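Visitor: Shown below is the structure under consideration.
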Amino acid sequence: MKMKIMNYHYKKEKGEKMKNCIEVKNLVKEYKEIRAIDDLTFEVKEGEILGLLGPNGSGKSTTINCILSLLKFSQGSIKIFGEKMDVNAYEIKRNIGVVFQDVSVFEELNVYDNIDYFCGLYIKDKQLRKTYIEDALHLVGLENYKKFYPKQLSGGLLRRLNIACGIAHKPKLIFLDEPTVAVDPQSRNNILDGIEKLRRFGATIVYTTHYMEEVEILCDRVIILDKGHIIASGTCDELKHLANIEEKVTVEGIELSQKTLSKIKEFKNIEEVNYEENILFITYKKGKNNLSELMDFLKEKKVTYNKIFSERPTLNDVFLELTGKELRD
Amino acid sequence: MFFHNFKYTLKILFKSKMLIFWTYAFPLILGTFFYMAFSNIENSEKLEVIPIALVETEEENITYKEVFNALSKEGENQLFTTQYVEEKEAKNKLSKKEISGYVVLEETPKIVVNQSGINETILKLVVEEVEEMTTILKNVATIEISKKITTEEGRYGEEQFETWYTEIYKKVMEIQNEQEVNIKDTSNANLSYTMIEFYTLIAMTCLYGGILGMVAINQNMPNMSNKGKRISISPLSKGKLILSSVFASYIVQLIGLSLLFLYTVFVLHVEYGTNLSLIILLALVGSLSGLSLGIFVATIFKVNENTKTGIMISVTMFGCFLSGMMGITMKYIVDKNIPLLNKLNPASMITDGFYSLYYYSTHERFYFNIISLLVFSAILIFFAILSLRRQKYDSI
Amino acid sequence: MTVFKAFLKVLNKNKAIVIMYTVILIFFAGFNMKTNDNNTTFTASKPDILIVCEDEITGITKNLIEYISKNSNIKEIENDEEKRNDALFYRDVNYIVYIPNDFRKQFLNHQNPEIKIKSTKDYQASLANMMLERFLNVANTYLAFDLAEEEMLNAINETLEQEVNVEVTSKLDTDSLTKVSSYYNFTNYCILAGAIYIICLILSSFKKESVLKRTTISSMEYQKYNRILLLSNSLFAFAMWFFYVLLSYILFKESMWTLHGAFYILNSFVFSFFALTLAFFLGNIISDKNALNGIINVIALGSSFLCGAFVPLEWLPKTVLNIAHILPSYYFIKSNEVLKTVEVFDFASLKPIYLNMMILLLFALAFIIASMIITNKKRKLA
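Chains as they are written, first to last, in our numbering: chain A, -10 to 318; chain B, 452 to 847; chain C, 619 to 1000.
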């Protein structure tokens, strides 16, 4: 078991600085009159998981397709592993793995053959390929489905096969384009675990999604896209500062008089107070101990309630703050 | 890598049930239907023994009886089966279509038939041939006797006329019996035109085979399928990949075609002439033209796979229609009036190639067909390559 | 009403298929439309003959050409042996006569010159051959007597010009009825391939598991739902039938405004009804659209080829005809064929037609029962 995992380690030369794995400069992609990507510049560091976050149609997949040279782009330059990416840059391609948004496997081939086919496009050595396929099957947990045909697999298992096909050749750089869309929780956990493993083995990962929770769990750095622009980038914590709020407190099953409500509104640090149908929402700009202050106040006023909880701002709040709309439309 | 992709393309194509049905099973089934429906057409177009009746009257008419008896004698040259009946019964048999017609042997015989047609025309011709004897005798006798009168002046009477006439009659009969009509049949031996149906079937299979090539290429095209995206980001040259996919689909195509050949030769008894190596050459080149059509459709048209299949099927069926699949004369009509159309039509070139091997003993026409198919393929492949060189897409 | 609307929408998507089969049908009918003024007087059959004459056209040569021209359709083909061979193979001509270059001279010298011919060896060619033999026979007979050339030629002409009178008994316009029959025979293919395919497609999209589940749980009564579906499909089948009948009136005009016409319509109506039940049956057992396409193609082509929709019944081999008896199309086509020969509409001559219709209805009944059993089973499973 340990041997297998060892296989996933990529040699990192000692003393080497964190190099840029991908460099995108001033990328512009136009479809007729629409600018799908508008002057995009960013880089991906070796070994990190970069999250590309944005609502549907924000240009995440287009960006990836441009990086992969699948799409023509109007302006800009793209370098991978320090070299210019091109359709014929086979040496670069050898080290890239992609998991596309839509399941892309052959209906006519079984699980094992599908992985073997795609892996065979990278790895010539049959013996090596065999161990790689076993590793990939293990990684996504499809060991018991080798002889199954795609039609016989459930949606979640199919997604896992899709991932296995993309990463079986152990690429240094992996693109994952919304791998968890419409997947049952069990498969989703399995997939996220797998990605975590890949990172541990040293792969650089570009991960697009519109599930901010996944980004928060997985990603070292996040780029938020909207309408082809980068509207924010940084670590999750850095981004959350942009949300301009400290915490959100919710009290459920509470009955408040107008008087008490207006008193609450006078608290310090408060950004917004909302009271509807016995639920109280309070958003705090900054400060500490906000929750305990509120609880003390309610105790003092002898107000009863069912439940009280505090939340840190999410990336959705960041997005809301920056664009005025929700991530998930 | 070439072999890896080749092996899997074979596997994928063989496992696509619908593809295999349309390119392998459907031609076999259609061929069987052709065989069942057409195997008897040419026999039923041969002249069959015609059932007729003779109605005797008080008029004695030995000549007719003799002639019809002779023509009703069993054997290779039998033309009629003759029965002697009363007129009433003859009428009855005619209305039940038991006989094609009957002849009432009056002084000038009367022919009664149900409708106009070939059998009836032949009956008429025979009666006229008997009748013409009288005219011949009359004409000859007039001339001969007048000659005799001039040469043997004054020495004739009633009796003399009688002998002369008998002499002349004998002579005419002798001539008629002894003379041989000098007609020589020089037609080619292989005249079975229903073979064309099977040739168009082969042509259809060759062109349908292009669908295999089309599917094989589509799987490498990022704008056609997600699999294509995955394949085109792999570190393999697109040229190599497509070449090995195309090669695999050509093999699948040829296996299907061989099966069809074996089936048509051994089960359906289709004749292709005797030159085996040229037949194989034509099959290879014909399949190549279908393959290049598939490659062309796969690369040039920016539409989804179903539409591409639709284009392939329509082109194939229209081509086969022009080369005579739905009516053999169609090919002849097109060849005669718009020859260029059929020279551009691969289905017609394939059909014509088999036809010339079957019907003609020289090969000029055959090689013309082969060359024209090769040119057709070369042009299509040229355009396909041009379009394939543009490897990045504006949108996928 | 909603079910019916959905039905119309699915139908609209597949209109190309309806149009395609209609075009094929019109094309086929047009192919057979060559007008022959066939009356009740006798017209002799004329083979298509090509004359290749290398001799000067005088004397006996001229006579020969004139005789053949009078009794056949003379074809003009380009002066190229390959073109002639093609014409023969494709039956554009049945018979080619090559008159050698000194035919007249050799004939007058009693050398019995050889005439080369090419022949398709079918009955037209046999007829042509008989004509040629007849001419040579007569010519040789006169030649044996020492006549002046002019005198001989006149005698030959006089002899060959004699005609016998032929009386035709049937008062039926067989030719136009044959056209109507073959039109209706061909609709066998269009109804089977077109109508059935579309009905099955529609049914299969309604019977798709997800849709089926939804309709089963919907408030609409299952029986009622099925009834509406059946009704809309019947409506479509009979609309298609009506359309083909209308087309036959446009194509054949007066031949259709007869009792014969009425029976053609009745017969095709019965067949359309049978086709509907078959479609219902197939739609219920097959749900894969691709498979459906294959199966229906095989059924439609098979029963059209084997039962005489494409190739006339009398040209089919005996064994095929025996097989055809198990196929419903046979009874439809057989009725059409019987109908074109019916002269008096009495029970005796119509009996085979009634019998065939009964058989078709029995087939229909069998398919109805089979589909009922299957849908019942499926519903329980769902």
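The C-beta atom is built at its ideal place from N, Cα and C for all residues, glycine as well. Just so you know, these numbers come straight off a predicted model, no measurement behind them.
Can you have a look at histidine 943/C and say buried or exposed, based on whether 16 or more other CB atoms are within 10 angstroms of its CB?
Guide: Here residue 943/C corresponds to residue number 325 of the third sequence, with the count starting at 1. By the neighbour-count rule (16 or more Cβ atoms within 10 Å), histidine 943/C is not buried but exposed.
Visitor: What are the complete alpha helix (DSSP H) segments, minimum 4 residues, inside the segment 528 to 586 of chain B?
Guide: With a minimum length of 4 residues, the continuous alpha helix (DSSP H) runs that stay inside the segment 528 to 586 of chain B are 538 to 546.
Visitor: Run through chain C and tell me which residues come within less than 9 angstroms of lysine 497/B, C-beta to C-beta.
Guide: Counted from its first residue, the second sequence places residue 497/B at position 46. Correct list: Lys739, Asp740, Tyr741 and Ser744.
Visitor: Taking all protein chains shown into account, do 16 or more other C-beta atoms lie within 10 angstroms of the C-beta of alanine 982/C, making it buried, or fewer, making it exposed?
Guide: For the purposes of this step, residue 982/C is taken as residue 364 along the third sequence, with counting starting at 1. Alanine 982/C is buried by the Cβ-count criterion.
Visitor: Any idea what DSSP makes of asparagine 15/A, helix, strand or coil?
Guide: The residue given as residue 15/A occupies position 26 in the first sequence. If DSSP states are grouped into helix, strand and coil, asparagine 15/A belongs with the strands.
Visitor: Going along chain B, which residues have a C-beta under 8 angstroms from serine 47/A?
Guide: Numbered from its first residue, the first sequence carries residue 47/A at position 58. The contacting residues do not exist; serine 47/A stays about 17 angstroms from chain B at best.
Visitor: For lysine 678/B, return the contacting residues in chain A, with the cut-off set at a CB-CB distance below 8 angstroms.
Guide: Here residue 678/B corresponds to residue number 227 of the second sequence, with the count starting at 1. The contacting residues are Ser93, Val94 and Phe95.
Visitor: Going by DSSP, name the residue or residues bridged to lysine 68/A.
Guide: What you label residue 68/A is simply residue 79 of the first sequence in a count that begins at 1. Answer is Glu12/A and Lys73/A.
Visitor: Would you mind telling me which residues of chain E sit closer than 9 angstroms to phenylalanine 817/B, beta carbon to beta carbon, in chain order?
Guide: Of the protein chains in this structure, namely A, B and C, none is chain E.
Visitor: Less than 8 angstroms separating the beta-carbons of glutamate 493/B and glutamine 780/C?
Guide: In the second sequence, counting from the first residue as 1, residue 493/B sits at position 42. In the third sequence, counting from the first residue as 1, residue 780/C sits at position 162. No, these two residues do not count as a Cβ contact at 8 angstroms.
Visitor: For leucine 979/C, name the three-state secondary structure that DSSP assigns.
Guide: Here residue 979/C refers to the residue found at position 361 when the third sequence is read from its first residue. DSSP places leucine 979/C in helix when its eight states are reduced to three.
Visitor: Could I get the ranges of all uninterrupted alpha helix (DSSP H) runs contained in the segment 624 to 686 of chain B, with 4 residues as the minimum, in chain order?
Guide: Correct list: 646 to 669 and 677 to 683.
Visitor: Which residues in chain B sit within 7 angstroms of valine 962/C, going by Cβ to Cβ distance?
Guide: Locating residue 962/C in the third sequence gives position 344, where the first residue counts as 1. Near valine 962/C there are no residues of chain B at all, since even the closest Cβ is about 11 angstroms away, more than 7 angstroms.
Visitor: Just tell me which of Tyr111/A, Ile219/A, Ile67/A and Pro44/A has its CA closest to the CA of asparagine 54/A.
Guide: Along the first sequence, one-based indexing puts residue 54/A at 65. Here the closest residue by C-alpha is Ile67/A.
Visitor: Would you mind telling me which residues of chain C sit closer than 8 angstroms to proline 560/B, beta carbon to beta carbon, in chain order?
Guide: Here residue 560/B refers to the residue found at position 109 of the second sequence. By Cβ distance, chain C contributes Val782.
Visitor: Any idea if glutamine 566/B is buried or exposed, counting beta-carbon neighbours within 10 angstroms, 16 or more meaning buried?
Guide: As a position in the second sequence, residue 566/B is number 115, starting the count at 1. Glutamine 566/B is buried by the Cβ-count criterion.
Visitor: Let me confirm a value: histidine 878/C is counted as buried when at least 16 other C-beta atoms fall within 10 Å, else exposed. Which label applies?
Guide: On the third sequence, position 260 is the one that residue 878/C refers to. Buried: at least 16 other Cβ atoms inside 10 Å.
Visitor: For the beta strand (DSSP E) containing glycine 86/A, name the first residue and the last one.
Guide: Locating residue 86/A in the first sequence gives position 97, counting from the first residue. Its beta strand (DSSP E) spans residues 85 to 88.
Visitor: Give the secondary structure of leucine 98/A by DSSP, where H, G and I count as helix, E and B as strand, and everything else as coil.
Guide: Translated into the one-based positions of the first sequence, residue 98/A becomes position 109. Coil at leucine 98/A, not helix or strand.
Visitor: List the whole-angstrom C-beta distance separating isoleucine 684/B from glycine 745/B, where the pair is believed to meet the contact cut-off of C-beta under 8 angstroms.
Guide: The residue labelled residue 684/B in the question sits at position 233 within the second sequence. The residue labelled residue 745/B in the question sits at position 294 within the second sequence. Not confirmed; about 25 angstroms, so no contact.
Visitor: Taking C-alpha atoms, which residue in Lys548/B, Ser738/B and Thr767/B lies nearest to alanine 504/B?
Guide: Along the second sequence, one-based indexing puts residue 504/B at 53. Closest option to alanine 504/B, Cα to Cα, is Lys548/B.
Visitor: Would you say glycine 109/A lies against chain B (beta-carbon separation less than 8 angstroms)?
Guide: As a first step, residue 109/A is located in the first sequence; it is residue number 120 there, counting from the start. Yes, glycine 109/A lies at the interface with chain B (some Cβ there is under 8 angstroms from its Cβ).
Visitor: Where does glycine 482/B land, buried or exposed, given buried means 16+ other C-beta within 10 angstroms?
Guide: On the second sequence, residue 482/B is found 31 positions in, with the first residue counted as 1. When all chains shown are included, glycine 482/B counts as buried.
Visitor: Can you give the Cα-Cα distance for asparagine 77/A and leucine 687/B, rounded to whole angstroms?
Guide: Translated into the one-based positions of the first sequence, residue 77/A becomes position 88. Translated into the one-based positions of the second sequence, residue 687/B becomes position 236. Distance between the alpha carbons of asparagine 77/A and leucine 687/B is about 8 angstroms.
Visitor: Under a three-way DSSP split, which group does isoleucine 212/A fall into?
Guide: Within the first sequence, residue 212/A is the residue found at index 223, counting from 1. Strand.
Visitor: Under the criterion of a Cβ to heavy atom distance below 7 angstroms, does arginine 840/B qualify as lining the ligand MN?
Guide: No copy of the ligand MN appears in this structure; indeed no ligand is present at all.
Visitor: Please list the residues of the segment 689 to 714 of chain B that have a C-beta atom closer than 9 angstroms to any C-beta atom in chain A, keeping them in chain order.
Guide: Flagged, chain order: Lys689 and Leu692.
Visitor: So if I threshold CB-CB distances at 8 angstroms, which residues from the segment 478 to 493 of chain B count as touching chain C?
Guide: Residues passing the 8 angstroms Cβ filter: Ile480, Leu481, Phe484, Phe485, Met487, Ala488, Phe489, Ser490, Asn491, Ile492 and Glu493.
Visitor: Could you name each continuous alpha helix (DSSP H) segment of 4 residues or more that falls completely within the segment 174 to 229 of chain A, going from the start of the chain to the end?
Guide: As far as the segment 174 to 229 of chain A is concerned, its whole alpha helix (DSSP H) runs of at least 4 residues are 174 to 189 and 201 to 207.
Visitor: Against chain C, with Cβ distances strictly below 8 angstroms, would methionine 469/B count as a contact?
Guide: In the second sequence, the residue the question calls residue 469/B occupies position 18. Cβ-Cβ to chain C under 8 angstroms: yes for methionine 469/B.
Visitor: Is it the case that the segment 42 to 53 of chain A contacts the segment 210 to 225 of chain A, given that we only count it when at least three CB pairs across the two stretches are under 8 angstroms?
Guide: Output reads yes: the segment 42 to 53 of chain A touches the segment 210 to 225 of chain A.
Visitor: Whole-angstrom Cβ separation of asparagine 902/C and serine 989/C, contact assumed at under 8 angstroms?
Guide: Counting from 1 along the third sequence, the entry for residue 902/C is found at position 284. Counting from 1 along the third sequence, the entry for residue 989/C is found at position 371. Indeed they touch by this definition, with Cβ atoms about 5 angstroms apart.
Visitor: Using a C-beta cutoff of 8 angstroms, does lysine 753/B count as contacting chain A?
Guide: Here the question's residue 753/B lines up with position 302 in the second sequence. Not one chain A Cβ lies under 8 angstroms of lysine 753/B.
Visitor: Pick helix, strand or coil for aspartate 105/A, following the three-state DSSP scheme.
Guide: On the first sequence, residue 105/A is found 116 positions in, with the first residue counted as 1. The answer is helix: DSSP assigns aspartate 105/A an H, G or I state.
Visitor: Just list the beta strand (DSSP E) runs in the segment 238 to 280 of chain A, keeping only unbroken ones of 3 residues or longer that don't cross its boundaries, in chain order.
Guide: Counting only runs of 3 or more, we get 259 to 265 and 268 to 273.
Visitor: Residues in its own chain within less than 8 angstroms of isoleucine 733/C by CB, not counting five upstream and five downstream?
Guide: Numbered from 1 along the third sequence, position 115 holds the residue referred to as residue 733/C. Closer than 8 angstroms at the Cβ level, and outside the excluded window around isoleucine 733/C, lie Val715, Tyr716, Ile717, Pro718, Phe721, Leu750 and Leu754.
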